[in-house]
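Residue numbers (numbering that gives the first Met the number 0), protein chains in the order written: chain A, 0 to 328; chain B, 0 to 302.
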Amino acid sequence: MSENTSVLSAPKSVSAGGLPFLSARVGMVLLVGVLFLLPFVLKGSWVFTLGVCFANSIGVLAVSVLVRYGGEVSIGHGFFAAIGAYAVAILETRIGLPLYASLPVALVLGVAFGVFFAWPSRNLSGIYLAVSTMALALALPELINNADAWTGGYEGLYVSKGIIPGLKMSLQRYYVALVLLIAVAYVLARLRHSRQGLVLLLARTHPAAADAFGTRRVWARVAVMGISCGIAAVYGAALAFASSTVSPSGFTLWSSIFLLVGSVVSFYGLTLPRALIGGVFLTLIPLFLSGSGAWIPVLYGLALLGVILIGHYAPKISELLHGRSKETS
Amino acid sequence: MSGFIDSLSGIALDLFPLIWSGIITGCLYALGALGLVMIFKCSKVVNFSHGNVAGFAAFLIYGFSSGMIFQLSWGAAVLLAIVAVVAIAFLSYAVISPLVFESDLTATIATLGIGLVVQGATLLIFGADIVALDLPVPRFSTSILGLRITGYDLTVLTVAVVTIGGLFFIIDHTKLGIAFRAISSNAFAAEVCGLNLRSVHIFAWVVAAILGVIGALLIVPTTFLSATTVAAFMLQAFAAAVVGGFASLPGSLIGGILIGIFMNLFTFYVSPEFSSTFLLGVILLALNIFPNGVLAKVGGTRV
Chain A
0 MSENTSVLSA
10 PKSVSAGGLP
20 FLSARVGMVL
30 LVGVLFLLPF
40 VLKGSWVFTL
50 GVCFANSIGV
60 LAVSVLVRYG
70 GEVSIGHGFF
80 AAIGAYAVAI
90 LETRIGLPLY
100 ASLPVALVLG
110 VAFGVFFAWP
120 SRNLSGIYLA
130 VSTMALALAL
140 PELINNADAW
150 TGGYEGLYVS
160 KGIIPGLKMS
170 LQRYYVALVL
180 LIAVAYVLAR
190 LRHSRQGLVL
200 LLARTHPAAA
210 DAFGTRRVWA
220 RVAVMGISCG
230 IAAVYGAALA
240 FASSTVSPSG
250 FTLWSSIFLL
260 VGSVVSFYGL
270 TLPRALIGGV
280 FLTLIPLFLS
290 GSGAWIPVLY
300 GLALLGVILI
310 GHYAPKISEL
320 LHGRSKETS
Chain B
0 MSGFIDSLSG
10 IALDLFPLIW
20 SGIITGCLYA
30 LGALGLVMIF
40 KCSKVVNFSH
50 GNVAGFAAFL
60 IYGFSSGMIF
70 QLSWGAAVLL
80 AIVAVVAIAF
90 LSYAVISPLV
100 FESDLTATIA
110 TLGIGLVVQG
120 ATLLIFGADI
130 VALDLPVPRF
140 STSILGLRIT
150 GYDLTVLTVA
160 VVTIGGLFFI
170 IDHTKLGIAF
180 RAISSNAFAA
190 EVCGLNLRSV
200 HIFAWVVAAI
210 LGVIGALLIV
220 PTTFLSATTV
230 AAFMLQAFAA
240 AVVGGFASLP
250 GSLIGGILIG
260 IFMNLFTFYV
270 SPEFSSTFLL
280 GVILLALNIF
290 PNGVLAKVGG
300 TRV
């Protein structure tokens, strides 16, 4: 399935453009600074929306990791997000644990379930992962609703315990989501240059070479799925904390597909700005279209197709424009 | 002793009707699965918009025949809906065709986009309401050896046998079918030999779309029609395709019937509330035990 996924890494020139490394770093610091100061200028409802938006950005990163490092696509990441979200909510309502204690539990559970579900399709082409994750997403609502003693059924659960004493809860929701997003983006940036990250990329692009260096493709596949699902669980935890509620309506097949749409719209980017593009897309469009819900899937579908086709044609058009011929391909 | 025999015959009395109706619905799952497999075999793309398009077609038939859009006879409505679906298939393939040869993963993601658009269009045009769409089948029912066989059962069986038989005949004996098989087994060699990949791909998309419409039409009378029912029915089709190996047409037929029977037994004996979870379990189990489908173990693949 992933023999030729050059389209996926199309806009290389954006990240590796003419800007020197230093000014890119300054830009990142500026962006983070602005995000930290935003709650002082914005209205309360926008602070809430942006918190949810940061959480969604983490979800977008989770899907993008799987595409980038694994060359695979999941349309069931809502399941792993639900694991994280319900871990946080249940630990709080049952034994009163706050987020900093339940987040590691969520992360571990997410990784474990990710590995468990990647296992059956470890030797098969990527479409089997897509199909089995689709079944996962469709099975999720009935699992949640039938475990209503724990999950609260249709009504869901509330997450209301703060973790930073003295800070207003609305600000906590914003900053926790922001810090988690930055942490995930930082870890991913480190992974890209780490030995393990390079091994995973090698296993995806040149499986035979990776084999020769002692990396088994099965191991790489399962590891990527584990990382991706761990991030998805963090996304669920962040979403639960930022939006203060957890309910099955937030984890349908459609919400999983929307995560994929966000990932495509951000060109599968693994950096903070790219993740924010995906998160903003996922959070703000439903907000603007709240009066006419049926337009949301249409718009998302068109955006998905549009971005994919742009990703397909843009390199060819720029090649034409710059008159470059064979040495680029 | 007689109590034991009684309970045995009681189980048999339950079991035969369950298996019979499982075979009937299994034929419908097979129709859905065959469409998925046709497209996957020749272009390595998984068409996630299959269920949404089939559901849209069922709604179109409802709209054309109920007076919501037109007041046509049932047959004319079906014909018109099939024309519309074939047009959608052409359009979908036109969007995907630049991607197919570059990356099948990207093309598969693009089918999700098409599915989203079609789903949204269904909601926009027909709303989220539940409607009833009936088949004009003879009201007839008879009892053979304790089995209640209805006109609906026989209609489904006949339509499925004729459609699937026709499809296998086309694939086995016509020029187009031979081209399809050639491209499925080795696209590069087939192209070198002068076959047109695109026309075969379009053939697969069109056939898949029509199979989807037939499947949707026949499944709707057993439940009702809403914007999500047919798309949900496609999970069974996906499960059938996975059990059959995803690249084998006879395999997906057997997979469909197996899924139909297992689903019936599971909902009757265990629980009707966990049917999607059950399908998930079947998919995971099938991937582990028969990664290449149930038929691959027994012998080579046909088609």
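Glycine residues also receive a C-beta, built at the ideal position from the N, C-alpha and C atoms.
Looking at the structure shown, is residue i part of a helix, part of a strand, or coil, going by DSSP?
i: residue 147(B); result: strand
i: residue 297(B); result: Low confidence applies to residue 297(B): its pLDDT is 49, below 50, so where it sits in the model is not reliable, and the reading given next is rough at best. Of the three classes helix, strand and coil, the one that applies to residue 297(B) here is helix, per DSSP.
i: residue 13(A); result: With a pLDDT of only 43 at residue 13(A), under 50, the local geometry of the prediction cannot be trusted, and the value read off the model is given with reservation. Three-state DSSP puts residue 13(A) in a helix.
i: residue 142(B); result: strand
i: residue 18(B); result: helix
i: residue 40(A); result: coil
i: residue 224(B); result: strand
i: residue 71(A); result: coil
i: residue 180(B); result: helix
i: residue 245(B); result: coil
i: residue 228(A); result: helix
i: residue 194(B); result: coil
i: residue 205(A); result: coil
i: residue 38(B); result: helix
i: residue 68(B); result: coil
i: residue 97(A); result: coil
i: residue 79(A); result: helix
i: residue 43(B); result: coil
i: residue 0(A); result: Low per-residue confidence applies at residue 0(A): pLDDT is 39, beneath 50, and the placement is therefore not dependable enough to give any value.
i: residue 304(B); result: Look at the range of chain B in this structure, 0 to 302, and you will see that residue 304(B) is not part of it.
i: residue 316(A); result: helix
i: residue 250(A); result: coil
i: residue 302(A); result: helix
i: residue 267(A); result: coil
i: residue 166(A); result: coil
i: residue 185(B); result: coil
i: residue 269(B); result: coil
Would a C-beta distance cut-off of 8 angstroms place residue i and residue j closer than the cut-off?
i: residue 271(A); j: residue 30(A); result: yes
i: residue 309(B); j: residue 196(B); result: Since the first and last residues shown for chain B are 0 and 302, residue 309(B) lies out of range.
i: residue 34(B); j: residue 211(B); result: yes
i: residue 73(A); j: residue 274(A); result: no
i: residue 32(B); j: residue 203(B); result: no
i: residue 59(A); j: residue 258(A); result: yes
i: residue 112(A); j: residue 131(A); result: no
i: residue 126(A); j: residue 105(B); result: no
i: residue 63(A); j: residue 269(A); result: yes
i: residue 136(A); j: residue 255(A); result: yes
i: residue 206(B); j: residue 215(B); result: no
Who pairs with residue i in a beta bridge, going by DSSP?
i: residue 156(A); result: 245(A)
i: residue 28(A); result: Answer is none; residue 28(A) lacks a bridge partner.
i: residue 130(B); result: 224(B)
Check whether the Cβ of residue i lies closer than 8 angstroms to any Cβ atom in chain E.
i: residue 79(B); result: Annotation note: the requested chain E is absent from the structure, which comprises protein chains A and B.
Near-chain B residues of the segment 140-160 of chain A (beta-carbon distance less than 9 angstroms), N- to C-terminal order: Of all residues in the segment 140-160 of chain A, 140, 141, 142, 144, 145 have a Cβ within less than 9 angstroms of some Cβ in chain B.
Stretch pair the segment 216-233 of chain A + the segment 78-85 of chain A: three plus CB contacts closer than 8 angstroms: Yes, they touch.
Near-chain A residues of the segment 36-54 of chain B (beta-carbon distance less than 8 angstroms), N- to C-terminal order: Within the segment 36-54 of chain B, the residues whose Cβ lies closer than 8 angstroms to any Cβ of chain A are, in chain order, 39, 43, 45, 47.
Stretch-stretch touch, CB-based, cutoff 8 angstroms, three pairs: the segment 116-129 of chain A with the segment 235-248 of chain A: Segments in contact, no.
Members of the segment 202-228 of chain A near chain B, C-beta cut-off 8 angstroms: Here the close residues number zero.
Short-range partners of chain B found in the segment 112-127 of chain A, where Cβ spacing is below 7 angstroms: Interface annotation for the segment 112-127 of chain A against chain B: 119, 120, 122, 123, 125, 126, 127, criterion Cβ-Cβ distance under 7 angstroms.
Given 8 angstroms, three or more beta-carbon pairs between the segment 95-110 of chain B and the segment 26-44 of chain B: Yes, the segment 95-110 of chain B touches the segment 26-44 of chain B.
Segment contact flag, the segment 214-231 of chain A with the segment 78-96 of chain B, C-beta cutoff 8 angstroms, min 3 pairs: Segments in contact, no.
Inter-stretch contact at 8 angstroms, needing at least 3 Cβ pairs: the segment 112-121 of chain B / the segment 51-59 of chain B: Touching, yes.
Stretch-stretch touch, CB-based, cutoff 8 angstroms, three pairs: the segment 268-276 of chain B with the segment 206-225 of chain B: Output reads no: the segment 206-225 of chain B does not touch the segment 268-276 of chain B.
Contacting positions in the segment 271-294 of chain B - beta carbon closer than 7 angstroms to chain A: Residues of the segment 271-294 of chain B with a C-beta atom less than 7 angstroms from some C-beta of chain A are 272, 273, 275, 276, 278, 279, 282, 283, 286, 287, 290, listed in chain order.
Residues, ordered as in the chain, of the segment 2-31 of chain B that lie near chain A by beta-carbon distance below 9 angstroms: Within the segment 2-31 of chain B, no residue qualifies.
Positions along the segment 279-302 of chain A whose CB lies within less than 9 angstroms of some CB in chain B: Cβ contacts with chain B come from 291, 292, 293, 294, 295, 296, 297, 298, 299, 300, 301, 302.
Under 8 angstroms (Cβ pairs) to chain A, residues found in the segment 221-238 of chain B: For the segment 221-238 of chain B, which is checked against every Cβ of chain A, the residues closer than 8 angstroms are 231, 234, 237, 238.
Touching by the beta-carbon criterion (3+ pairs, under 8 angstroms), the segment 56-75 of chain B and the segment 104-116 of chain B: Three or more beta-carbon pairs separated by less than 8 angstroms are not found between the segment 56-75 of chain B and the segment 104-116 of chain B, which leaves the two stretches without contact.
At least three beta-carbon pairs within less than 8 angstroms, the segment 19-30 of chain B to the segment 248-267 of chain B: Cβ pair count under 8 angstroms is three or more, so yes.
Contacting positions in the segment 98-115 of chain B - beta carbon closer than 8 angstroms to chain A: The residues in question are 98, 101, 102, 103, 104, 105, 107, 108, 109, 111, 112, 113, 114, 115.
Meets three-Cβ-pair contact criterion under 8 angstroms: the segment 163-177 of chain A and the segment 47-55 of chain A: Proximity of the segment 163-177 of chain A to the segment 47-55 of chain A meets the contact definition, three or more beta-carbon pairs being nearer than 8 angstroms.
Segment contact flag, the segment 138-148 of chain A with the segment 249-266 of chain A, C-beta cutoff 8 angstroms, min 3 pairs: Yes, they touch.
The segment 147-161 of chain A touching the segment 90-109 of chain A, judged by at least three CB pairs closer than 8 angstroms: The count of Cβ pairs closer than 8 angstroms, one atom from the segment 147-161 of chain A and one from the segment 90-109 of chain A, reaches three, so the stretches are in contact.
Meets three-Cβ-pair contact criterion under 8 angstroms: the segment 311-319 of chain A and the segment 225-237 of chain B: Segments in contact, no.
Proximal residues, the segment 116-141 of chain B versus chain A, C-beta separation under 7 angstroms: So the list reads 116, 118, 119, 120, 122, 123, given in the order they occur along the chain.
The segment 69-81 of chain B / the segment 14-26 of chain B touching (three or more Cβ pairs under 8 angstroms): The segment 69-81 of chain B is not in contact with the segment 14-26 of chain B.
Chain-ordered residues of the segment 241-262 of chain B with a beta carbon less than 8 angstroms from chain A: The residues in question are 241, 245.
Against chain B: residues of the segment 65-88 of chain A by CB proximity under 9 angstroms: Near chain B, meaning a CB-to-CB distance below 9 angstroms, the residues of the segment 65-88 of chain A are 66, 70, 71, 72, 74.
Near-chain A residues of the segment 64-94 of chain B - C-beta to any C-beta below 9 angstroms: Cβ proximity to chain A below 9 angstroms picks out 94 from the segment 64-94 of chain B.
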